[in-house]
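If you count by full-length UniProt numbering, then the sequence shown holds residues 1 to 109, one letter each, in order.
Down below is the structure, laid out as structure tokens.
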Amino acid sequence: MTNIKEVARQAGVSASTVSRVLNAKGYVNEATRQKVLQAVQQTGYRPNVLAKSLKSGRSNTICLMVPSMQNPIFSRDGAGRGGRGAPQRVHGGALQHQRGRHGGKGVHR
């Protein structure tokens, strides 16, 4: 797995410069920004979400507690029964429900 230091080495800049480019914080020369973005693409760098959440103290994750998974309203097997089915994680932290036989859109943010 590629890390930010490897991206910095590939781009010929410091790790803090890579961080500023990726987080869009602080000034970075446009030519340098392009070198960093190209190095990110070449190395296949992807931010480590777990490391970022540990550093920031925020996980952007929610917990849904249900009384019983035996009840079809709460279980994944209940999809389509009772209207919406089981929630699924989608990009951006939204919960999206499967469309049930009642035809509701079922997207909750």
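Cβ coordinates follow ideal geometry from the N, Cα and C atoms, glycine included.
Asked                                                                                                                       : Found
Taking Cβ to Cβ, would you say Tyr-45 is nearer than 7 Å to Val-21?                                                         : no
What first and last residue would you give for the alpha helix (DSSP H) that runs through Ile-62?                           : Run containing Ile-62: none; DSSP gives neither H nor E here.
Our contact map puts Val-18 next to Ala-11 with C-beta atoms below 8 Å; I'd like the distance itself, whole angstroms only. : 7 Å
DSSP three-state call for Ser-14: helix, strand or coil?                                                                    : coil
Would you mind stating whether Thr-61 and Thr-2 have Cβ atoms separated by less than 7 Å?                                   : no
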